[in-house]
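Numbering (the numbering used here), first residue to last: 58 to 583.
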């Protein structure tokens, strides 16, 4: 007889009576089931087209890529079993695994790689457009061999060939269709360790083990369940009483990390190789924010040190300039906008927005309502700007609506959200500041501020031609100086991820560069 642990926990006082017992001893299930939580219903279950965190969480167990990156930043084989790099870093030859099948039984081949990289990754993915901008062609040598040929040296191809940037899609289900309208965005067919078998909106996503997965012995779990739980306190309570086994960094409220780490059998993992950063994007189309003095004033008025210590205590780091300090090309010569309320008021006066009865103008601040960190940040920003006479209309939105109204339609003045700015600035940073990344209609997680600076665009072009690392660093130094002076985006902080899991139930989990992109292929029942 199989016992439903959630029902059992409910009947035993939310599991409190089990605190001294092994859950595996109580729930000797025939089905090895791993249960986690996701903070929102994903608008899409396809990491090949978006950088929305919930889409990664839901999609990474389904899809695969040529490589994967571990928590130390080392790259490992995935769909590619091996590779060779030409001496000039312009050609990458990947040897693909044998006997890989799509979840619908169709054989995977080099044609799927060619189709995905040429038609999806380099054209549509917010990071992939930069990471693979110099890709001239993917040559199919045979069904198991592809050669990626670049117009110029591209030293970060291997780290960019992961599922977060370059997930491989099945050509037979995607060719000759509008990718944004393909029904498989919601009903994914991949080559990954798990197959999505149920998507009950507002409740759960259920995955079944892929019996044809190409790595022997993986996955070890028969079933993966991600419960949709928008409330952060409810997610932590579920982990605490044993209803779920793990929470990734976006599902685990940072204010609870220290307390949760002291719970019996709960382990904390830490990830963050891709420089995750919260940004406050200024819409430069706004009549107020189009003025440089106003943007500078807001930077001086927002207490980012307080935000760091309040929202992610012990896990947040300051960001001075557009490139986070964890990345090698980060400048050490840019000067921060110090907290200075009186200076902020003077700048607003000089910009022509003098206070009348203590008020100057109002701005709309959008953010994802499922992100507890963004909710807290929005409230702090509102209070900070109120002190200088700027009223803030708080507009929390569900992710799907935020993508439409905030990103695609640009109906915002300020927008707070999390971005990955690594593993190289050419992948995560340039997309936000190069005017070539302003689209009509707009595309999420690109240049949504509407920032244009011809000198900065030229420097990005020069950087692409730079082979010498020192020359590249010099160019990025100039880019950072100019962008930071123009301030189209105010970074609030970068952070290190914190994931929690029940060590009595699972091991081999959250060993990837970013815990929100876990495939659970290497997870093992304890």
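We put the beta carbon where it would ideally sit given N, CA and C, even for glycine.
{"Item": "Can you round the beta-carbon distance between residue 102 and residue 242 to whole angstroms, since I take them to be within the 8 Å contact cut?", "Value": "7 Å"}
{"Item": "Pick out whichever of 152, 347, 467 and 310 has its Cα sitting closest to the Cα of residue 202.", "Value": "152"}
{"Item": "Do you know how far the Cα of residue 386 is from the Cα of residue 502?", "Value": "21 Å"}
{"Item": "Could you tell me which whole beta strand (DSSP E) segments of length 3 or greater appear in the segment 489-561?", "Value": "546-552 and 554-559"}
{"Item": "Closer than 8 Å is the cut-off here; do at least three beta carbon pairs connect the segment 430-450 with the segment 141-156?", "Value": "no"}
{"Item": "Quick check on residue 414: buried or exposed, where buried means 16 or more other Cβ atoms within 10 Å of its Cβ?", "Value": "exposed"}
{"Item": "Name, in chain order, the residues that DSSP records as bridge partners for residue 589.", "Value": "Because the chain spans 58 through 583 in this model, residue 589 falls outside it and cannot be assessed."}
{"Item": "With 16 as the cutoff for other CB atoms within 10 Å, does residue 228 come out buried or exposed?", "Value": "buried"}
{"Item": "In chain order, what residues of the same chain lie with their CB nearer than 7 Å to the CB of residue 541, ignoring the 5 residues before and after it?", "Value": "378, 379 and 391"}
{"Item": "What would DSSP say about residue 419, mapped onto helix, strand or coil?", "Value": "strand"}
{"Item": "With a cut-off of 8 Å, do at least 3 Cβ pairs link the segment 277-293 to the segment 542-553?", "Value": "no"}
{"Item": "Taking all protein chains shown into account, decide if residue 338 is buried (16 or more other Cβ within 10 angstroms of its Cβ) or exposed.", "Value": "buried"}
{"Item": "Identify, in the order they occur along the chain, each residue of the same chain with its Cβ nearer than 6 Å to the Cβ of residue 107, setting aside the five sequence neighbours on each side.", "Value": "101"}
{"Item": "Quick one: give me the first and last residue of the beta strand (DSSP E) that residue 92 is part of.", "Value": "90-95"}
{"Item": "Bridge partners of residue 271, per DSSP?", "Value": "Residue 271 is not bridged to any residue."}
{"Item": "Which residues in the same chain as residue 33 place their Cβ atom closer than 8 Å to its Cβ, once the five residues preceding and following it in sequence are excluded?", "Value": "Any answer about residue 33 is impossible in this case: the structure gives the chain only from 58 up to 583."}
{"Item": "Roughly how many angstroms lie between the CA atoms of residue 563 and residue 324, to the nearest whole one?", "Value": "10 Å"}
{"Item": "Between the segment 477-491 and the segment 501-521, do at least 3 Cβ pairs fall closer than 8 Å?", "Value": "yes"}
{"Item": "Could you name the residues of the same chain whose beta carbon sits closer than 7 Å to that of residue 230, not counting the 5 residues immediately before and after it, in chain order?", "Value": "241 and 246"}
{"Item": "So, residue 343 versus residue 225, is the Cβ gap smaller than 8 Å?", "Value": "no"}
{"Item": "Ordered along the chain, which non-local residues of its own chain (more than five positions away) have a Cβ less than 7 Å from that of residue 565?", "Value": "579, 580 and 581"}
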